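Residue numbers (full-length UniProt numbering): 1 to 664.
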């Protein structure tokens, strides 16, 4: 059996992941010793007509090499399911997620199961204003010599990086070191047509744009939106009264991205009418203009149109009025007494009879109906000056107060702003990720839109269990402690409660409306997970993958510990956190099955269980694993060999090819 150790960072360097990608996709560019041959890569690129630029521009800062190392590292934590919450009826089938923990660790856990699965990311990271509490914090322990080797830098630079990562810095370099690995992994999660929206202010806007150019590619820049949050302006700012924040938008691949247009506002909708084919408004006059418009130029397009009092039109072959009881108006294409022509022939008029408007404003005339895409609401492209009165920052505060009956969060984003972002970037069955979930506005916006249009958008929210400072926000502190019963109040508690209350409010408001919708199939639930520290000793180095030689003893893990490890392994193996896990009972032993992977975690696997496994492989048509993973500490070497030999020598009736792994 193949042996492996998960979350192994012993060979992780600043460039290890990137080199692996190159070697996998361009093996011809490496020699037998693993040395890179640059001219072969140049040949590949040049043959596709791409110019080789001799000029470049990049953003460099103290800590960049360290940030790249962090982006490549495996997670240092585990993921635990909140089973009590997740088994509630409203949550058991939910596809939404709320994950508590450091978002860098969470992103690393998600990078396999959700790779290229997320259509849109929205984040509202720390702005690094100097007053927002941002400082760089890092509990990783490297010596200068270790960091020098892993990051490919000299010892002096390694020491300077370690000094600032340990000093709670809030410099530009600290902020860039913080945000870079998060954006790097976030890009991996986006679908090829995916987009990311990032709220930021002027403190880091310039640095963020250059950083995104590097992470996403300068050619994938979409827009920088001036998002008006305070139309009156903030007079506390120097020189100018600030009215807006910035929202930077990038696509993963701009040539594949498709952003939605806005539905037109109610006021603008008044300009449109509706018939059986959809929306329309008055378009071009069907009377011809220009040099070729006179009758003598196109005599066959000079004929009468007959119009009844209901504005229905009639065209006759002999140019005589139709046999008709009632008043008819005869209309010729005449302009200022001059005989002109129609734009359409008689046949065209007959074909397009449902596409014509008769106007009676002073003089009678016929016009083409101007339509949007058939069946769609009239829509418009969003502007880079992004403004509605509802975007006011005060609205966000008022909305939170309406949900909680008191002010429990500072500067929450307005709900309408996030709804509009989601409307632009997301389709009805897509996934959105917000890994700075804060007040939970993104999740609320997704539920609101789903309730409005019957969509099935899914939201993944991530929030650190950041302690609430009682001195700075006593209202929030007391609310969490007294009303929610939490001994150590955190921002995560506010996030979770906002999502719970928002879902309940949407359903209540709908039930009280004059025309309530059927929301019984809507997903107002969410599953909860949290990151936990890795088991003590798990990362201690082993010369060989041998349980007897390890300082960590996996046989001592409890059933709860094994459940946590199983969850962490599954998501690392590409299984989504919302996937149902099936318990597979053999003789007396229970395995865990999901996405064609079978996990044996517990002690006590016997020969009778092995026989039952072979029988199940033969006889259960729904049981088709392609990989079996054993938790090595709970399987002695002789049992590992017995299982391996039995599976290798036994040809199951389904002819399933099984990958067999002993994992530590």
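We treat Cβ as the ideally placed atom computed from N, Cα and C, and that holds for glycine. Please read all numbers here as calculations on a predicted model, not as lab measurements.
Integer Cβ distance of residue 69 from residue 150, believed to fall under 8 Å
Taking the chain shown and counting its residues from 1, one reaches residue 69 at position 69. Taking the chain shown and counting its residues from 1, one reaches residue 150 at position 150. Correct: roughly 6 Å between the Cβ atoms.
CA-CA distance, residue 598 and residue 112?
Along the chain shown, one-based indexing puts residue 598 at 598. Along the chain shown, one-based indexing puts residue 112 at 112. Distance between the alpha carbons of residue 598 and residue 112 is about 18 Å.
So is residue 444 buried or exposed if we call it buried at 16+ other beta carbons inside 10 Å?
Position 444 of the chain shown holds residue 444. Under this definition residue 444 is a buried residue.
Determine the DSSP secondary structure at residue 351, reduced to helix, strand or coil.
Position 351 of the chain shown, counted from the first residue, corresponds to residue 351. Helix at residue 351.
Find the nearest neighbour of residue 572 within the set 472, 294, 105 and 222, judged by alpha-carbon distance.
By one-based count along the chain shown, residue 572 stands at place 572. Out of 472, 294, 105 and 222, 105 has the C-alpha closest to the C-alpha of residue 572.
Which class does residue 165 belong to by DSSP, given the choice of helix, strand or coil?
Stepping through the chain shown from its first residue, residue 165 is reached at position 165. Of the three classes helix, strand and coil, the one that applies to residue 165 here is helix, per DSSP.
My assumption, with CB atoms under 8 Å, is that residue 495 sits in contact with residue 98. Please give the rounded CB distance.
By 1-based counting over the chain shown, the position of residue 495 is 495. By 1-based counting over the chain shown, the position of residue 98 is 98. In this structure, residue 495 and residue 98 form a Cβ contact; the two beta carbons are roughly 7 Å apart against a cut-off of 8 Å.
Leaving out five residues before and five after residue 1 in sequence, what residues of the same chain have Cβ atoms less than 7 Å from its Cβ?
Here the question's residue 1 lines up with position 1 in the chain shown. 640, 644, 660, 661 and 662, listed in sequence order.
Expressed to the nearest angstrom, what Euclidean distance is found between the alpha-carbon atoms of residue 596 and residue 459?
Locating residue 596 in the chain shown gives position 596, where the first residue counts as 1. Locating residue 459 in the chain shown gives position 459, where the first residue counts as 1. Taking the CA atoms as reference points, residue 596 sits about 25 Å from residue 459.
Could you check whether the region 206-225 touches the region 138-149, counting it as contact only if at least three pairs of C-beta atoms, one from each stretch, sit closer than 8 Å?
Between the region 206-225 and the region 138-149, the count of Cβ pairs shorter than 8 Å is below three; the stretches do not touch.
Residue 502 versus residue 655: straight-line alpha-carbon distance, rounded:
By one-based count along the chain shown, residue 502 stands at place 502. By one-based count along the chain shown, residue 655 stands at place 655. Taking the straight line joining both Cα atoms gives about 50 Å.
Taking only runs of the alpha helix (DSSP H) that begin and end inside the region 188-264, which ones reach a length of at least 4 residues, in chain order?
If one requires a minimum length of 4 residues, the alpha helix (DSSP H) runs lying completely within the region 188-264 are 205-216, in chain order.
In whole angstroms, give me the CA-to-CA distance for residue 483 and residue 230.
As a position in the chain shown, residue 483 is number 483, starting the count at 1. As a position in the chain shown, residue 230 is number 230, starting the count at 1. Their backbone Cα atoms lie some 33 Å apart in a straight line.
Residue burial classification, residue 359 (beta-carbon count within 10 angstroms, cutoff 16)
Your numbering for residue 359 matches position 359 in the chain shown. Counting the other CB atoms within 10 Å of its CB gives residue 359 a total below 16, which places it among the exposed residues.
C-beta atoms of residue 302 and residue 341 nearer than 8 Å
Your numbering for residue 302 matches position 302 in the chain shown. Your numbering for residue 341 matches position 341 in the chain shown. Here residue 302 is near residue 341, since their CB atoms are less than 8 Å apart.
Would you mind sorting residue 391 into buried or exposed? The rule is 16 or more other CB atoms within 10 Å of its CB.
Translated into positions along the chain shown, residue 391 becomes position 391. Buried.
Endpoints, beta strand (DSSP E) assigned at residue 582:
On the chain shown, position 582 is the one that residue 582 refers to. Per DSSP, the continuous beta strand (DSSP E) segment holding residue 582 begins and ends at 582-585.
Please name the residue, chosen from 307, 16, 171 and 627, that lies closest to residue 575 on a Cα-to-Cα basis.
In the chain shown, residue 575 corresponds to position 575, counting from 1. Cα-wise, what sits closest to residue 575 is 627.
Do you know offhand how far residue 363's Cα is from residue 384's?
Counting from 1 along the chain shown, the entry for residue 363 is found at position 363. Counting from 1 along the chain shown, the entry for residue 384 is found at position 384. Cα to Cα, residue 363 sits roughly 41 Å from residue 384.
Assuming residue 435 and residue 187 make a contact with CB atoms under 8 Å, what is their CB distance in whole Å?
Translated into the one-based positions of the chain shown, residue 435 becomes position 435. Translated into the one-based positions of the chain shown, residue 187 becomes position 187. Not confirmed; about 13 Å, so no contact.
Below 7 Å, is the gap between the Cβ of residue 194 and the nearest heavy atom of the ligand ZN?
This structure lacks the ligand ZN; in fact it carries no ligand of any kind.
In angstroms, rounded to a whole number, what distance separates the CA positions of residue 559 and residue 425?
Within the chain shown, residue 559 is the residue found at index 559, counting from 1. Within the chain shown, residue 425 is the residue found at index 425, counting from 1. Going by the C-alpha atoms only, they are around 42 Å apart.
Backbone CA spacing between residue 135 and residue 170 [nearest angstrom]
Looking up residue 135 in the chain shown gives position 135. Looking up residue 170 in the chain shown gives position 170. Approximately 5 Å between the Cα atoms of the pair.
Beta-carbon proximity check, residue 531 vs residue 79, cutoff 8 Å:
One-based indexing of the chain shown puts residue 531 at position 531. One-based indexing of the chain shown puts residue 79 at position 79. Cβ distance < 8 Å, so residue 531 and residue 79 count as in contact.
Cutoff 6 Å; reference residue 349; Cβ partners in own chain excluding five residues on either side
For the purposes of this step, residue 349 is taken as residue 349 along the chain shown, with counting starting at 1. Take residue 349, set aside five residues on each side of it, and the residues of its chain with a beta-carbon closer than 6 Å to its own are 315, in chain order.
What does DSSP give as the partner residues of residue 357 in its beta bridges?
By one-based count along the chain shown, residue 357 stands at place 357. DSSP lists 367 as partners of residue 357.
From the DSSP output, in three-state form, read off residue 375 for me.
Position 375 of the chain shown holds residue 375. Per-residue confidence for residue 375 stands at a pLDDT of 45, beneath the threshold of 50, marking its modelled position as unreliable; the derived number appears in the next sentence. It is coil, neither helix nor strand.
On the CB-based measure, 16 or more other CB atoms within 10 Å of its CB, does residue 165 come out buried or exposed?
Working through the chain shown from its first residue, we reach residue 165 at position 165. Counting Cβ neighbours within 10 Å, residue 165 comes out buried, since at least 16 surround it.
Report yes or no: is there a C-beta of chain C within less than 8 Å of the C-beta of residue 169?
Any reference to chain C falls outside this structure, which holds one protein chain only.
Tell me the DSSP secondary structure of residue 83 in three-state form.
As a first step, residue 83 must be located in the chain shown, where it is residue number 83. Correct three-state label for residue 83: helix.
Can you tell which of 300, 131 and 179 has the C-alpha that lies nearest to the C-alpha of residue 317?
Working through the chain shown from its first residue, we reach residue 317 at position 317. Of the listed residues, the one whose Cα sits closest to residue 317 is 300.
Between the alpha carbons of residue 56 and residue 126, how many angstroms are there, rounded?
Along the chain shown, one-based indexing puts residue 56 at 56. Along the chain shown, one-based indexing puts residue 126 at 126. Distance from the CA of residue 56 to the CA of residue 126, rounded to the nearest whole angstrom, comes to 29 Å.
Along the chain, where does the alpha helix (DSSP H) that runs through residue 425 open and close?
For the purposes of this step, residue 425 is taken as the residue at position 425 of the chain shown. Annotation for residue 425: the continuous alpha helix (DSSP H) segment containing it runs 415-425.
Leaving out five residues before and five after residue 142 in sequence, what residues of the same chain have Cβ atoms less than 7 Å from its Cβ?
Position 142 of the chain shown, counting from 1, holds the residue named residue 142. Same-chain partners within the cutoff: 162.
What residues are listed by DSSP as bridge partners for residue 338?
Translated into the one-based positions of the chain shown, residue 338 becomes position 338. Per DSSP, the beta bridge partners of residue 338 are 335.
Return helix, strand or coil for residue 291, following the three-state DSSP convention.
In the chain shown, counting from the first residue as 1, residue 291 sits at position 291. It is coil, neither helix nor strand.
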